[in-house]
Every structure is written in structure tokens, then in C-alpha cells.
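Peer 1: Handing you a structure now.
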Amino acid sequence: MLLLAALPAAAQAPQRVVTLNLCLDQMALRLAAPDQLVGVSYLSQDPRLSVLADRAAALPPVRDSVESILILRPDLVILGQGSHGRLKRLLRDAGVRVLELPWATSIGEAETVIEQMAAALGREDVGRNLIAGMREQRRLLTWTGAPRGTAVYLEANRGTSGKGSLMDELLRLSGYRNLAADLGIGSFGRVSLETVLAGRPDLLVLDGTANDNPARATEFVGHHALLALAGQSKLASVPTKYSICAGPDNFETMRRLAEAGR
């Protein structure tokens, strides 16, 4: 169960907010009032990882150094729990309010983090509307028919997402059994191409653009064995940016899974 972070009391909504976590950036970019957000992590400007890269590009990119944050004169810095311990101490020593939020690993946990962040920003109504929209999308996209079969998600270095992962939830909501979970693989693990071929999944899920700049880590995208399997299995190309963080972008993953299953 996700533990709620205690929100420090504030007399008024913060005016200059910095976020230092790709997933928290994506939420803040949706929740913050105009000009309230003054800095986001540099990763949010990478279009391969961030759905809101264009919006993030209008803000100063921040790295995990106290200097790059303090120069923006923030009155609130939002970071992930369990990370950047020294940086948080330095910010607090400098008199900057710090809010630590947990890492969301499911759509439900993302809703909780959105609620917490919206409250900290003084944007509760915006947060409630965002959550309501997510719940409606989940209702519309959740598969209620007969099971669609087995699916497997593949990423760089033979990586996959097994039981308890965000992708596992998205596959299940979309009507698929997760081959990696069936094999006993945890949230993040590896699976060989031989195992994938032996499992004969009904659906292969991968980022079809992953090997646009060929590298050994991503060469599986064009591997002849997978191409042969693709003749028997359906294929869903899902860019990483739609599933790297739990939140509103996950429903684009579900839409692509639904399209591939037709």
C-alpha cells in the first residue's frame, strides 16, 4: 500500500516551484498555475522520455545540484522519497521548503501523488479534474471481453516488466496475461529471446523507435527471430514515454494495446 507523505503546512500557495524527478515533472507541468513552475529536471526535455517535452523546454532544466536549484529562487522543491538525501538537507539548510513524494508504480498510486501535489500547489480543483479524467479513461479503455491472450513487453538489454509492474497492470487492464509475470519475473527483470519464442505470446509490446540509433542494447527490435515471431504474433509499438511514469499518459499505452488487439 502506498504511504501518504506528510505535507508541510504553508500559509499560501508556493509561487516558485522546482521539480527534480521526471515523473513528478510530468504531473507538475499539468497541475501548476501559469508561471508557478520555474524549473524541471533536464530529463523532462527529452522527447524520448517525456510526453510534455515541448512544454518542459520552456523552463530552465535542473540537475541534482543545489546551485542549479537555488539560482531559480524556489519557495518549494518537489523531489522523490528516498533519493537526493544530501541535496534535500542543503535545500532545507538554505531555508527552502522541500516536499518528498513517493514513486508511483500503478495508476491508483499516481492518483494519490497527483492529489498530494495538487494540494501542495494550491491547485486542488485542477488535481481533482485530472484524476476524474484518468478514471474516465480507465473505465473506457479497460477490456471487459474474453481474455485476449498472452503478451510480453520487451525493452533494452532484454529487459521486461513482470508481476507488480506498471506495464503488468496496463497489460491486464487491456485483457492480456503478462508472459513475464507467468514466468515468475518480478517488476523489472530480463527475458531471453529464446524464452519469448518458446512462450509464443499473442502480442509483442516494444518501443518500435528504440533502435532508430542502432546499439547493442536495442538491437532486439530488428532481431530476425522476433521478426519471424511477429508473423504469428501481433505487434504493439509503444514509445517508452507512455509507460515510464504512472499517470495520465498510460492511457495512450492502453489505446495502442487495444488497437493491436483488433
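Per my numbering, the sequence shown runs over residues 1 to 262. By construction, the Cβ of each residue, glycine as well, lies at the ideal position given by its N, Cα and C atoms.
Taking the alpha-carbon positions, what's the A119 to Q36 distance?
Peer 2: On the sequence shown, residue 119 is found 119 positions in, with the first residue counted as 1. On the sequence shown, residue 36 is found 36 positions in, with the first residue counted as 1. Each residue's Cα considered, the two are about 14 angstroms apart.
Peer 1: Got a sec? Which residues, its chain only, sit under 8 angstroms from R55 by beta carbon, not counting five neighbours each side?
Peer 2: Here the question's residue 55 lines up with position 55 in the sequence shown. Same-chain partners within the cutoff: L29.
Peer 1: Who are the Cβ neighbours of C245 in its own chain at under 7 angstroms, not counting the five residues just before and after it?
Peer 2: Here residue 245 refers to the residue found at position 245 of the sequence shown. Excluding positions up to five away in sequence, the list reads L22, C23 and Q26.
Peer 1: Quick check on DSSP: helix, strand or coil for L72?
Peer 2: Translated into the one-based positions of the sequence shown, residue 72 becomes position 72. Coil, per DSSP.
Peer 1: Can you look up T195 in the DSSP assignment and give me helix, strand or coil?
Peer 2: Here residue 195 is taken as the residue at index 195 of the sequence shown, counted from 1. Looking at T195 - three-state DSSP - the assignment turns out to be helix.
Peer 1: Give the range of the alpha helix (DSSP H) segment to which V51 is assigned.
Peer 2: What you label residue 51 is simply residue 51 of the sequence shown in a count that begins at 1. Taken as a continuous stretch (DSSP letters only), V51 belongs to no alpha helix (DSSP H), as it is neither H nor E.
Peer 1: Counting only the same chain and skipping the five closest in sequence on each side, list residues whose C-beta sits under 6 angstroms from that of S165.
Peer 2: Along the sequence shown, one-based indexing puts residue 165 at 165. Taken in chain order, the residues that qualify are S187.
Peer 1: Per DSSP, what kind of secondary structure is G159 in: helix, strand or coil?
Peer 2: Along the sequence shown, one-based indexing puts residue 159 at 159. It is a strand residue.
Peer 1: How would you call Q232, buried or exposed, if buried means at least 16 neighbouring beta carbons within 10 angstroms?
Peer 2: Here residue 232 corresponds to residue number 232 of the sequence shown, with the count starting at 1. Per the 10 Å Cβ criterion, exposed.
Peer 1: Is there contact between the segment 46-55 and the segment 96-116, where contact requires at least three CB pairs shorter than 8 angstroms?
Peer 2: No, the segment 46-55 does not touch the segment 96-116.
Peer 1: Indicate whether the contact test is met: 3 or more Cβ pairs, each with one atom in the segment 124-131 and one in the segment 147-159, closer than 8 angstroms.
Peer 2: In short, these stretches do not touch, since the Cβ pair count stays below three.
Peer 1: Decide if the segment 49-68 is in contact with the segment 110-119; the criterion is three or more beta carbon pairs, one per stretch, under 8 angstroms apart.
Peer 2: At 8 angstroms Cβ cutoff, the stretches do not touch.
Peer 1: Let me confirm a value: N213 is counted as buried when at least 16 other C-beta atoms fall within 10 Å, else exposed. Which label applies?
Peer 2: The count along the sequence shown starts at 1 and reaches residue 213 at position 213. No answer about N213 holds up, because its pLDDT of 49 lies below 50 and its placement is not dependable.
Peer 1: Mind checking R347: buried by the 16 CB within 10 Å criterion, or exposed?
Peer 2: Since the displayed the chain opens at 1 and closes at 262, residue 347 lies outside it and no answer follows.
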